[in-house]
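The structure appears below as structure tokens.
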Amino acid sequence: MTDPIQTNAMGTPSRLQGKFAAIAGLWGQFGWTVRLAMVLLAIFVLVALLGPLISPHDPLAGSLRARLDPPAWQEGGSWTHPLGTDRLGRDILSRLIAGARISLTVCALVIAIAGAMGTAVGTLAGYFGGWTDRIFMRLVDLALSFPVILLALLLGAISGPSFTNIIIVISLVLWSQYARMARGETLKIRNEDYVDLARTSGLSDFRIIGRHILPNIAPSLIVIATLQVGVVIVLEASLSFLGVGVPPPAPSWGSMVADGRSYITSAWWLCMIPGLAILLTVMSVNIVGDALADKINPALRGRNI
Amino acid sequence: MTQPILSARGLGRVFKVRHRGRMQDLHAVTELDLSLEPGRTLGIVGESGCGKTTLNRMLLLLDTPSSGEVRFRGKTFSEMSATERRDFRRAVQPVFQNPFSSLDPRMRVGKIIAEPLSTIPDLSKADIARRVAEVLEAVGLRAEDARRFPNEFSGGQRQRIAIARAIASKPQILMLDEPVSSQDISIRAQILNILKDLQDEYGLGCVFISHDLATVRFMAHDVVVMYLGRVIERGSAEAICTRPGHPYTKAMLAAALPPDPDAPEPELPPQGELPSPLDPPSGCPYHTRCPLSMDVCAVERPPMLPAPHGGLAACHLLAPERSQ
Amino acid sequence: MLKLIATRITEALIALLLMSLVIFLLSRLTGDPVALMLGDGATEADRQALIAELGLDRSLPVQYLTFIGNALTGDFGRSLTASAEPSIDLVLSRLPASLSLAGVALVFTLVIGIVFGVFAAVMHNTPVDIAARLVALVGQSVPSFWLGIVLMYVFAVQLRWLPTSGYGQWEHYILPAATLGLFTLAAITRLVRASMLEALGSEYIKLARVKGLSEAVVVWKHALANSLIPVITFMGTFFAVMITGAVVVETVFAWPGIGRLAYESILARDFPVVQTVVLVITALFILANLLVDILYVIVDPRMRSRG
Amino acid sequence: QADELVVALSTFSEETMTPWGGSGQRKTYLDLAYEYLTYIDPETGEAVPGLAQSWDMSPDGRTWTFHLREGIEFAGGYGELTSEDVAYSIARLIGEDSRAGPASAMRRAIASVQTPDERTVVVNLNVPDFELAKGYFGSGQQLGIVSKAYFDELGADEAQARPIGTGPYVLENVTSGSEILMTLREDVGDHWRVNPEFETVSFRVVPEESTRVAMLQTGEADIAPIGFDSIPTVENAGLRIVSAQATWSPVVRFGGLIQTDPARYNPDTPWASREVRQALNYAVDKQTIIDELFQGEATIAASDTPVPAWSEVEPYPYDPDMARQLLAEAGYPDGFDITLKTFTTAPGAELPLMAEAVALYWQDIGVNTTIEPVDWPSIRTAWTQGQASDYVWTHRGFPFASAANGLEAGFMQDSLFASFTSPELEAMIQQFSSEEDAQTRSALFTEIGQYLRDEAAGVFIALANEPYGVSDKVGEWDISGAYGWNFDRATRAQ
Amino acid sequence: MVHETSRGEGAPLLEMRDVSVQLGRQPDAPALIENVNLAIQAGETVGLVGESGSGKTTLGMALLRLLPPLLDKGLSGEILYQDRDIARLGKNELAAIRGGEISMILQDPMASLNPVFSVGNQLREALRLHATASGSLEERAVAALESVKIPSAQARLANYPHQMSGGMRQRVVGAISLTRAPKLLIADEPTTSLDVTIQYQFLDLLKDLQRRLGMAMLFITHDFGVVARMCDRVAVMYAGEIVEQGPVRDIFARPAHWYARALLDSVPTLDTALDRLPTIPGSPPTVGARPAGCRFHPRCANAQPQCRTAPPTVTLGAGHTARCWFPLGAQAGAA
Ligand SMILES: Nc1ncnc2c1ncn2[C@@H]1O[C@H](COP(=O)(O)OP(=O)(O)OP(=O)(O)O)[C@@H](O)[C@H]1O
Ligand SMILES: Nc1ncnc2c1ncn2[C@@H]1O[C@H](COP(=O)(O)OP(=O)(O)OP(=O)(O)O)[C@@H](O)[C@H]1O
Ligand SMILES: [Mg+2]
Ligand SMILES: [Mg+2]
């Protein structure tokens, strides 16, 4: 029995149910690997969001006396630090949780910046063609293939590793992929008859881009964005290794692995646990991304790098 | 004779294309004249690549002619004021061949149909909704369908939506570029009937583009036959489909196979390859395929000459000195 | 074809100029080599003398133009730190190590990636496919330095099959090449698998089967030839990925390549070397892309008529 | 092979082969080829005879006379060592094109060099230097003696690619960025100084520490510098650790305390107050840092730089309450914000980690620390340009080759790398530099150490060792203090 | 015509018995085509007409087992060719039948040629398999192109598909498909993407080749004009079923199924000016949503309650059958 007042407040129930059914239907279409990956990702996001609430310790506070404690199940470990402690005696689990938040923030910001930049460039280039296209695309070619890591190092060396730098640098590496994708998709959609029809209806170019082009290229861009989450995490880790990653003491998963690398034989959990977290997350993201690509635009499958 | 509502004079379109490593001119449409009177339907036939779509896009002002001009109510686009341009956009509406690409998959049908209305000032939401319902019913769909998305419709239904959209702004001319060639036979007949009804009901003028003479015959009053970007014959639909004057039109008629196992063999069956528009033949563009080709055909391009059916055809055989 | 190469080279030169400017400006933003070269106890007068000696007292545009002018005559300046060795010599001496490693990684990546990709596609949804996809997934999910260290510990320290690091014999190539290549191997496997699946469903494959061709010819000739086109497109990016990876891998495996040289000279603010490394890398990259373009024309006849 | 000693280093620095061609870091490999006028006794820290058999100093410390050992042959048949060679080596080291670290200071100090005979070198100084023999001319510095004949014969360009010295090894081959291979001189027979056992010494550059550890574990390297945290790993692998004792001192330096130079003095920082600086010292539990981060391979530093003479100075104890109290007295009962910049060098890979540990302790007394990793050139540039005035940074101090020079470089406003000055301190140093009496000098020196400690010129953490992993292929090998690697003294295990 | 001389008394060249194709192996999976029974005699041309989505291509693909894996798993029934059941052959046996015994021209000439190999390369590949032929490979390739009336055949061998026009490509596909003189050719809408004048010429060419090689043909199309010109017999498909089949003249003159009749009527013609076209209301059902009973009944002008149950197959003349409760011809015959 539905309460009429509640129904009114919530909007038409049938539509809500419809949406729910659609999501459930989509869920049903995926295999168990994809579902597992989705659950893992959901946990990852949840952990990142809840962060400080569920973290057993302050991720930045440590005690040198309790450094390099092994995980609880190892000999010498204790449940105070279920995953052990790091080089300064900080709780690894707490840092992992805080790291999820940092990684998520980096991913979100990079994808927002690179996505916005790339989409703008790609869409304009694709839509207007001609010189705009040529200039923009040369730029993209350059950015896409130039070893931006050197720029990253320079930037890092100049102003020191900082959160802003990481995001700028990774965005610089990744925006071009969106640009290429957005351009390709825009070219396709520009030739769709409904764009011509919009023009014969007297719509301006920018309204056409806003109304027809962007909504239609969005799904492909979302797929790219999904797949790039993994790229961002791995790239950040590499930059951390080179000393220009997320600056300490903030724990990013990448810097945790990088910092723990010398302990691979003496205190394996230092780099293995965050390494595993990266592996699982990135794998999940890629699995989900591939599955989305299959549903949204099969041509994108396997095309990300 | 009434004043034409839409006309073109000396219309030409040259594309620059890269071919064999060089930039070359591709003459998609050349020196084309036509005029459309209110309430009449002009059929344009020709084989693939002869420039039909290019012509259509120029008439719709989606593409700029390389030469010649398009006039709407006697004025070229550059002569029109902003209001007149808006009037033009409302008065001339297209329907394209592919109903799948004509409808934005992310928009509800109602919004798609309302798009041509969105540039009209002083139109209330209710007015728009009413108009959308009206046109949906006019093409045989239901008003509720406005809330659905295009992917919930079959090809035939989509083409109806495209037509509904085209008539939403109460246009005076429909530009129809092969509106049924992607449709199944049973659907094709339905759409053709709807278009014909609309024509009668609203007194719409139409430009009907097709490669199928039989459909053109059914839809159009007058017919223009194009070959390699040029008009080679024009006349009434009945005349062109029964007493064509140009050998190419004859070949087209012959190739349109009748659904009759015992149909007689045609006298002038088509032959030869369609020449590349990048490298059009000299003289009469058709002479390379024409079974009746004469020496002069390769040298001199025939002018439009009066044909026995009362129209005009560009064939040396119709020259007064030869027609006897 | 010639025209393609000509336009490419023109574009390349513009790109080079652009790149050199960017690097020039960036590298001069903070930190200077003078501070590093001055011994403890040096005074302000020492500093000024050294600055003048190195020509760092001139205005930036003058410095840049001098650099470009000299570069045109083949003189890329001398390293500021190492007793003024010509920076181009330094770069060239490190180049073979990088190129040979990239070459080995490339071959390794291509051969295994293509074979994996093809089998995964042909045996779609079988354990083979799943295994290939897993490898591809893992390959794209691990940071290369981590992979490098893990591989080193497993194969060199634990199993003692291979040397940990160093440069010289063929054994030295295996671990760094594998580390460097795994990421691209994964990418190529995915790419080949996806485009093979696409190709196997295409009409021309049906026609090939209709002809009565054996399955091997259908797969390895008809489907694969088409699937290689996206792989070639990827090759352009491959180079960039290699350089990125090289900085890391060369550090981990003590490989004397230009990635590490770039990294070290950035850290030392050795401007001429930084500039030269970047220019050489950019030039190499442009060369690689030119090669890719040519390869394209060879593999995809449709590109030929585009001139 | 058993005849080869493989040394994995974190860097070759510049790969140049002349003593004046670059930094002192190259001494790791160059010291196999070049020798010095004097060597430093690791026990006493005093100079012992090297290529110079004996030396005299004029009482004013302005004239030094070195008497060369006889019968010392250069490698490659370039003849016997003469005073000409020494003069040439000095001239090159202080020449305009020299890239050696002490070049500029030596150029200022040396007025002339005379060679009255084949075996005698007389050095005239512009300013008194009572420690020239163990300082600039000792094995801890860069005055390796080259053969003048060799340079005359081949010309400067050719000759500098290949080191020809009196040392027991010659350069065999360089693979840029990868390996420097030294082989034993054929005529090494009865070398005056050492009796090397390894036929070849191969230096490999391996920047990544975990790779060096792996190489030790697999036996690919015999000697390699490692991080403190790798000590257990290396020991577990059955290898031995040899540490260079107290070769560097991790310290936190304060910006803007060049009180005698208005351009580099920033009185507005909280740490401009001595109480605050002391508080920041009291707040840090240095012993725990040493036990945990340095694996016990260090001792608490009382003052700047590892100097034996300062061992009597009492370090600040760990006393957070005292620290809080001092802060309150200085007007910061709730603490303040501070930026701590940090970087890595070799040795000194632990500096960022130490920075984090220090930050943890400071946090305890309410000093809110932001760590900012930078790289060494940035900070060094900011430092030389007097722009490092509103933050503090981690640094590593090195032992003074000569006390006077060290003090002048670190605590006089003339020096670009001064980290702390005050009028009293400069006066003390001046007095010390011109004091001719050894006893008084020593007392003055200790006084300066005490002053630095009391002023809390930095947060002195530790005098740290430099651990090396050593394989069981190596029998005896000891590293003597700073800059004395002694790879030519390494023996083969039985 | 050929079939008059070659039609034997014996078994047909190819016979489909209850062929169905489902989306996968599960018994309740939706079927793309259902219980198709169709026989092709040696040398005859059978037309298969129907609207888009009715299952024509699926049927053609099923005959050569070219369906995508999922559909191939859902194939049931028997496809008897000579003494073999194609539905049960393995990969190698299929390769042996394809090209030499049964060949196919695919729907889309633009996509049927591999874009990265030259035309000559692709042609020679097929020729090489034709062991019995004489002459050098090169000569045979030229001859093959000439047989499909491609001018300057020698030069064309070096061309790549994208360098040829659609009509030319379709002829190359024809040449490749016919190199090994198959006994049966399946032509899946070989002319839909061609211009009318080019289509006319290609149809003539096909007819000519068929006469020369004496092969049978299954000609898939949706164009009644083409059927009339090319075929001896015709089968009409609707929603995955063959609703009517018989000799061409019978069906054009006296269509029995209401669908076939309506379809024939709704085509505009050249010689008469009409005001309105007769139409079939609604649109064909999609695969998952096909109605029970007679698949056509929701759109049928003559639908009766009975039509909701599966209709019988009625015979209306020699080889002329229809699946309808109320066939048109039968009423006429009864009257
Ligand atoms: N944007 C363009 N750039 C270059 N060439 C073009 C362009 N648009 C059309 N063409 C060329 O112009 C000629 C006419 O094309 P158009 O599309 O007008 O033909 P059509 O008669 O509509 O053909 P179809 O029946 O295939 O639709 C063709 O040769 C075509 O390749
Ligand atoms: N692989 C597939 N998976 C699912 N459905 C399919 C598949 N292939 C075809 N279909 C569906 O099966 C039905 C029959 O398709 P088929 O291609 O055989 O029709 P057709 O008669 O050849 O149509 P057309 O005239 O358009 O070529 C269509 O509704 C199509 O959507
Ligand atoms: Mg067209
Ligand atoms: Mg089909």
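Residue numbers (the working numbering), protein chains in the order written: chain A, 26 to 330; chain B, 86 to 409; chain C, 11 to 317; chain D, 12 to 505; chain E, 1285 to 1619. Backbone N, C-alpha and C define an ideal beta-carbon position, used for all residues, glycine too.
Burial state of C:Ser69, where buried means 16 or more other Cβ atoms lie within 10 Å: Your numbering for residue 69 of chain C matches position 59 in the third sequence. So C:Ser69 counts as exposed.
Residues near ligand 1, CB to any non-hydrogen atom under 6 Å, in chain order? Taken from the N-terminal end onward, the list reads B:Phe100, B:Val102, B:Leu111, B:Ala113, B:Gly131, B:Ser133, B:Gly134, B:Cys135, B:Gly136, B:Lys137, B:Thr138, B:Thr139, B:His296 and B:Pro362.
I want to see whether chain A comes within less than 8 Å of C:Leu147, judged by CB atoms only; does it? Taking the first residue of the third sequence as 1, we reach residue 147 of chain C at position 137. At a cut-off of 8 Å, the C-beta of C:Leu147 has a neighbouring C-beta in chain A.
Rounded to whole angstroms, what is the Cα-Cα separation between B:Ala305 and E:Asp1555? Along the second sequence, one-based indexing puts residue 305 of chain B at 220. Along the fifth sequence, one-based indexing puts residue 1555 of chain E at 271. Taking the straight line from one Cα to the other gives about 14 Å.
From A:Leu41 to A:Ile79, what does the alpha carbon distance come to, in whole angstroms? By one-based count along the first sequence, residue 41 of chain A stands at place 16. By one-based count along the first sequence, residue 79 of chain A stands at place 54. Low per-residue confidence applies at A:Leu41: pLDDT is 48, beneath 50, and the placement is therefore not dependable enough to give any value.
Taking Cβ positions only, does E:Phe1503 come closer than 8 Å to chain C? Start at 1 with the first residue of the fifth sequence, and residue 1503 of chain E comes out as number 219. Look at E:Phe1503: its C-beta is not under 8 Å from any C-beta on chain C.
Spatial neighbours of E:Gln1454 within its chain, please: CB distance less than 7 Å, with the 5 preceding and 5 following residues excluded, ordered by chain position. Counting from one through the fifth sequence, the residue named residue 1454 of chain E turns up at place 170. The residues are Pro1393, Pro1474, Leu1478 and Phe1486.
Any heavy atom of ligand 4 closer than 7 Å to the Cβ of E:Thr1570? Taking the fifth sequence and counting its residues from 1, the one referred to as residue 1570 of chain E is at position 286. No, the Cβ of E:Thr1570 stays beyond 7 Å of every heavy atom of ligand 4.
Of the residues D:Val97, D:Thr451, D:Ala63 and D:Gln152, which one's Cα is nearest the Cα of D:Gly33? Sequence index remark: in the fourth sequence, residue 33 of chain D carries index 22 (1-based). It is D:Gln152 whose Cα lies nearest to the Cα of D:Gly33.
Residues of chain F with CB closer than 9 Å to the CB of E:Ser1461, please, in chain order. Annotation note: the requested chain F is absent from the structure, which comprises protein chains A, B, C, D and E.
Regarding E:Asp1479 and ligand 3, is the C-beta to nearest heavy atom distance less than 7 Å? Translated into the one-based positions of the fifth sequence, residue 1479 of chain E becomes position 195. No - ligand 3 has no heavy atom lying nearer than 7 Å to the Cβ of E:Asp1479.
Please confirm whether B:Pro264 and E:Val1551 have their CB atoms less than 8 Å apart. By 1-based counting over the second sequence, the position of residue 264 of chain B is 179. By 1-based counting over the fifth sequence, the position of residue 1551 of chain E is 267. In this structure, E:Val1551 does not lie closer than 8 Å to B:Pro264 by Cβ.
Under 8 Å between C-beta atoms of E:Leu1348 and E:Ile1386: By one-based count along the fifth sequence, residue 1348 of chain E stands at place 64. By one-based count along the fifth sequence, residue 1386 of chain E stands at place 102. Yes, the Cβ-Cβ distance between E:Leu1348 and E:Ile1386 is below 8 Å.
I want to verify the contact list: residues of chain E whose CB lies under 8 Å from the CB of B:Glu323, in sequence order. Taking the second sequence and counting its residues from 1, the one referred to as residue 323 of chain B is at position 238. By Cβ distance, chain E contributes Ala1557.
Close beta carbons around E:Thr1635, own chain, < 6 Å, minus the five adjacent residues each side: Residue numbering for chain E in the displayed model covers 1285 to 1619; residue 1635 of chain E lies beyond these limits and cannot be assessed.
Amino acids of chain E, ordered along the chain, whose beta-carbon sits closer than 7 Å to that of B:Asn236: Here residue 236 of chain B refers to the residue found at position 151 of the second sequence. The premise fails here: B:Asn236 is roughly 12 Å from chain E at the closest Cβ pair, so nothing lies under 7 Å.
Inter-stretch contact (C-beta, 8 Å, three-pair minimum) for the region 309-322 of chain B and the region 1438-1445 of chain E: With the cut-off at 8 Å, the region 309-322 of chain B and the region 1438-1445 of chain E do not touch.
Under a three-way DSSP split, which group does A:Thr225 fall into? Position 200 of the first sequence holds residue 225 of chain A. DSSP, reduced to helix, strand and coil, places A:Thr225 within a helical segment of the structure shown.
Between B:Val102 and A:Gly155, what straight-line distance do the alpha-carbon atoms span, to the nearest angstrom? In the second sequence, residue 102 of chain B corresponds to position 17, counting from 1. In the first sequence, residue 155 of chain A corresponds to position 130, counting from 1. When rounded, the distance between both Cα atoms is 14 Å.
Every unbroken alpha helix (DSSP H) within the region 286-356 of chain B, with a cutoff of 4 residues, ordered by chain: Those alpha helix (DSSP H) runs which fall completely within the region 286-356 of chain B and span 4+ residues are 298-304, 322-327 and 332-340.
Quick one: give me the first and last residue of the alpha helix (DSSP H) that D:Lys159 is part of. Here residue 159 of chain D refers to the residue found at position 148 of the fourth sequence. D:Lys159: member of the alpha helix (DSSP H) spanning Lys159 to Leu165, first to last residue.
Please give the ranges of any beta strand (DSSP E) in the region 1580-1614 of chain E, keeping only runs that are unbroken, at least 3 residues long and fully inside the region. DSSP runs (the beta strand (DSSP E)) wholly in the region 1580-1614 of chain E: 1597-1601 and 1604-1607.
Buried or exposed: which applies to D:Glu496, given that a residue is buried once 16 or more other Cβ atoms fall within 10 Å of its Cβ? Translated into the one-based positions of the fourth sequence, residue 496 of chain D becomes position 485. Residue 496 of chain D is actually Trp in this sequence, not Glu. Result: buried.
Out of E:Gly1566, E:Leu1493 and E:Ala1602, point me to the one whose CA is closest to E:Ile1535's CA. Counted from its first residue, the fifth sequence places residue 1535 of chain E at position 251. Comparing Cα-Cα distances from E:Ile1535 to each of E:Gly1566, E:Leu1493 and E:Ala1602, the minimum goes to E:Ala1602.
Boundaries (first-last residue) of the alpha helix (DSSP H) holding C:Gly127: Looking up residue 127 of chain C in the third sequence gives position 117. According to the DSSP assignment, C:Gly127 belongs to the alpha helix (DSSP H) that extends over Ser97 to Val132.
Going along the region 259-289 of chain A in order, which residues come within less than 8 Å of chain D, judged by CB to CB distance? Within the region 259-289 of chain A, the qualifying residues are Gly268, Pro272, Pro273, Pro274, Arg286, Ser287, Tyr288 and Ile289.
Given 8 Å as the limit, is there contact between the region 219-229 of chain A and the region 257-266 of chain A, that is, 3 or more CB pairs closer than that? Verdict: no, contact absent.
Measuring only from the beta carbon, is E:Asp1472 closer than 7 Å to any heavy atom that is part of ligand 5? As presented, the structure is devoid of ligand 5, carrying ligand 1, ligand 2, ligand 3 and ligand 4 as its sole ligands.
When you compare the CB positions of E:Gly1572 and E:Arg1583, do they come within less than 8 Å of one another, or not? Translated into positions along the fifth sequence, residue 1572 of chain E becomes position 288. Translated into positions along the fifth sequence, residue 1583 of chain E becomes position 299. No, the pair does not count as a contact, with Cβ atoms beyond the cut-off.
Can you give me, in chain order, the residues of the region 291-306 of chain A that have a beta carbon less than 9 Å from any beta carbon in chain D? From the region 291-306 of chain A, only Ser291 and Ala292 have a Cβ closer than 9 Å to chain D.
Give the straight-line distance between the Cα atoms of D:Thr299 and D:Val132, rounded to the nearest whole angstrom. Translated into positions along the fourth sequence, residue 299 of chain D becomes position 288. Translated into positions along the fourth sequence, residue 132 of chain D becomes position 121. Just so you know, the alpha carbons of D:Thr299 and D:Val132 end up roughly 50 Å apart.
DSSP three-state label for E:Glu1299, please. As a position in the fifth sequence, residue 1299 of chain E is number 15, starting the count at 1. It is a strand residue.
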